[in-house]
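To start, the structure itself, in structure tokens.
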Amino acid sequence: MGYVKNRFKEVADQLAAEIKTLLQEHGETSLGEVTLAQAYQGARGIPALVTETSLLDSNEGIRFRGYSIPELREKLPKVDGGIEPTPEGLFYLLLTGDMPTDEDAGHISTTWARRSHVPNHVFEVIEALPVTTHPMTQFCAAILALQTESKFAKAYADGISKKEYWDYTYEDAMTLIARLPRVAAYIYRRKYKDGKHIQPDGMLDWSANFAHMMGFDDNQFKELMRLYLTIHSDHEGGNVSAHATHLVGSALSDPYLSFCAGMTGLAGPLHGLANQEVIRWIEELQANLGTQEPTKEQIAEYIKKTLSEGKVVPGYGHAVLRKTDPRFVAQMEFAKKHCPDDATVKTVWNVYEVAPPILESTGKIKNPWPNVDAHSGALLKHYGLLEEDFYTVLFGVSRALGVLASLCWDRALGFPIERPKSFTTEWAKAQVAKAGKATA
Ligand SMILES: CC(C)(COP(=O)(O)OP(=O)(O)OC[C@H]1O[C@@H](n2cnc3c(N)ncnc32)[C@H](O)[C@@H]1OP(=O)(O)O)[C@@H](O)C(=O)NCCC(=O)NCCS
């Protein structure tokens, strides 16, 4: 067994024992009540999922294993000469809870490079789809095609013990993550670059190789990819992509099937597809006003127009966050350093100044602040990654790190099939009537 896998097993066994004791001694502790409003309105705030890899505070934002994004940017290993963290190091942290050394991150990088070969039939599945197919649909189809490689599915069919589920889940997670950049870059070159594909470079780290296979060899873009793929990886367990992966995995569907479920959720415009929607909205704004840098007054009018048409202002609002998303701030810092004069970047910053008070004045939007998707498109455009339909695929490659590390934990902790209780409105009315009688 590799040493990362050994370390994971060690910490997982320890936590499994702690959870056992916790449940024996405090299993009846109440975490709060569930109101009718919560049940009807997207289960907001109901603490019903355990996710070890990260925790979201509505005011402070995300912490990955206790570390904020600024702390991660400082402490996670970097490539030689780089200043942004590597996703390899982040994955090690999510999986084991330990801050990795350079050697640990390097070990993950080498393992992924070694496992990155994508079987031919996956490319054939992609090629069977019309080239006009949305990149997220091609991505999901390719993930399903990769499922033929699942060690978990094979081992389950062979009849393994429950105690071994975590092992095959880990193996599938590592192989799937290793292969995603090649698949994503293939979709990119097929759709936008006349199918002129670029072979992987085994000497590069995961992010740089991904950038290279898409056709970007600029070092600053590679740094952006390292940052991007790190900060989009995880946002605790209740968001659609994380929850869907966890839910489908709870049926012991293998990691490929589970991750594909997460990706079909990420493809929704209220979730990951928002990064595509944001930049489209900004470009429409620029085109409508005939300028790359509209004034704040013009932006304010455009936001009001969007709201009056019954549409959402993409990139703003969040189901949990109530302040500016630190993932937005990290990207803004990157842009301030590398491209402060870019007109679209400046427009993103002007929207940030203008939008919150307008959104707040509606009296119904709970979070008027920008989320992760409000900034990413402007940065990608700056470096020449112009095809916004592809942006959610980048998000998906990153999200694999968080949801697959969590899936390893789900199996290592022996979590059961997920099956919350549902009810009809008739049943709800009866509960309300009963409660009314009790208080009368
Ligand atoms: C993220 C999002 C789905 C969260 O939804 P939520 O938890 O239901 O948000 P709220 O409780 O604040 O919603 C209350 C109302 O404000 C609206 N609202 C929320 N954010 C809005 C926005 N950015 N623009 C316009 N209206 C918005 C909701 O649609 C809802 O309207 P309704 O009562 O008419 O149905 C929502 O803010 C949104 O649609 N944002 C834009 C899309 C986006 O950026 N998604 C990426 C999220 S990381």
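Quick note on numbering: the sequence shown equals residues 386 to 825 in my numbering.
Backbone N, C-alpha and C fix where the C-beta goes; we use that ideal spot for every residue, glycine too.
This one's a predicted model, so the numbers in the text were calculated from it and none came from an experiment.
So residue i is in the alpha helix (DSSP H); what residue range does that whole segment cover?
i, result
"Ile-447", "Careful: Ile-447 lies outside any alpha helix (DSSP H), inside the beta strand (DSSP E) at 446-449."
"Asp-543", "536-543"
"Lys-814", "810-824"
"His-760", "758-767"
"Ala-672", "659-674"
"Ala-784", "A small correction: the amino acid at residue 784 is Arg; Ala does not occupy that position in the sequence shown. Start and end: 776-797."
"Gln-399", "388-411"
"Asn-604", "604-616"
"Thr-481", "472-481"
"Val-503", "Note, Val-503: premise wrong, no alpha helix (DSSP H); not H, not E."
"Phe-644", "640-651"
"His-631", "625-635"
"Arg-458", "454-460"
"Ala-433", "Careful: Ala-433 lies outside any alpha helix (DSSP H) and carries neither H nor E."
"Glu-686", "681-693"
"Gln-423", "421-425"
Would you tell me roughly how many angstroms separate the C-alpha atoms of residue i and residue j, rounded to the nearest one?
i, j, result
"Tyr-577", "Gln-584", "16 Å"
"His-519", "Ala-785", "19 Å"
"Tyr-701", "Ser-501", "36 Å"
"Val-507", "Asp-774", "21 Å"
"Arg-665", "Asn-505", "34 Å"
"Ser-791", "His-631", "8 Å"
"Ile-562", "Pro-742", "41 Å"
"Gln-716", "Tyr-425", "35 Å"
"Arg-450", "Leu-440", "8 Å"
"Ser-783", "Thr-732", "26 Å"
"Leu-457", "Pro-472", "11 Å"
"Ile-802", "His-703", "28 Å"
"Arg-499", "Leu-514", "29 Å"
"Gly-650", "Gly-657", "8 Å"
"Met-484", "Tyr-477", "8 Å"
"Trp-812", "Leu-565", "45 Å"
"Leu-421", "Ala-763", "40 Å"
"Ser-494", "Asp-590", "6 Å"
"Asp-795", "Pro-640", "11 Å"
"Asp-487", "Thr-615", "16 Å"
"Leu-408", "Ile-511", "46 Å"
"Tyr-550", "Ala-797", "7 Å"
"Thr-533", "Thr-496", "20 Å"
"Pro-470", "Ala-815", "54 Å"
"Tyr-687", "Leu-670", "7 Å"
"Gly-587", "Gly-653", "33 Å"
"Thr-747", "Val-736", "17 Å"
"Leu-779", "Lys-689", "30 Å"
"Lys-536", "Lys-696", "44 Å"
"Phe-393", "His-492", "14 Å"
"Val-396", "Glu-694", "52 Å"
"Gly-787", "Glu-662", "23 Å"
"Ser-761", "Gly-781", "14 Å"
"Thr-517", "His-582", "17 Å"
"Gln-423", "Arg-575", "44 Å"
"Ser-443", "Glu-509", "44 Å"
Looking at the unbroken beta strand (DSSP E) that takes in residue i, where does it start and where does it end?
i, result
"Asp-726", "Looking at the DSSP string, Asp-726 is not in any beta strand (DSSP E), and its letter there is neither H nor E."
"Ser-439", "439-442"
Mind pulling the alpha helix (DSSP H) runs of 4 or more residues that sit fully within the stretch 524-590? If we require 4 residues or more, the alpha helix (DSSP H) runs fully inside the stretch 524-590 come out as 536-543, 550-577.
Sufficient close CB pairs (3 or more, under 8 Å) joining the stretch 392-412 to the stretch 740-754: no
Just checking, does the stretch 564-573 make contact with the stretch 587-604 on the three C-beta pairs under 8 Å criterion? yes
Per the contact definition of three or more C-beta pairs closer than 8 Å, is the stretch 431-439 in contact with the stretch 619-629? yes
Can you find at least 3 beta carbon pairs, one from the stretch 541-557 and one from the stretch 458-465, that sit closer than 8 Å? no
Report yes or no: do three or more beta-carbon pairs, one from the stretch 537-551 and one from the stretch 514-528, lie closer than 8 Å? At 8 Å Cβ cutoff, the stretches do not touch.
Is it a yes or a no for the stretch 754-765 touching the stretch 706-723, going by three-plus beta-carbon pairs under 8 Å? yes
Give a yes or no on contact between the stretch 797-812 and the stretch 634-644, applying the rule of three or more CB pairs nearer than 8 Å. The answer is yes - the stretch 634-644 touches the stretch 797-812, with three or more Cβ pairs under 8 Å.
Can at least three beta-carbon pairs, one atom from the stretch 601-619 and one from the stretch 407-414, be found at a separation below 8 Å? no
Should the stretch 666-683 be called in touch with the stretch 723-731, which here means at least 3 C-beta pairs below 8 Å? With the cut-off at 8 Å, the stretch 666-683 and the stretch 723-731 touch.
May I have a chain-ordered list of the beta strand (DSSP E) segments no shorter than 3 residues that lie completely inside the stretch 697-726? none
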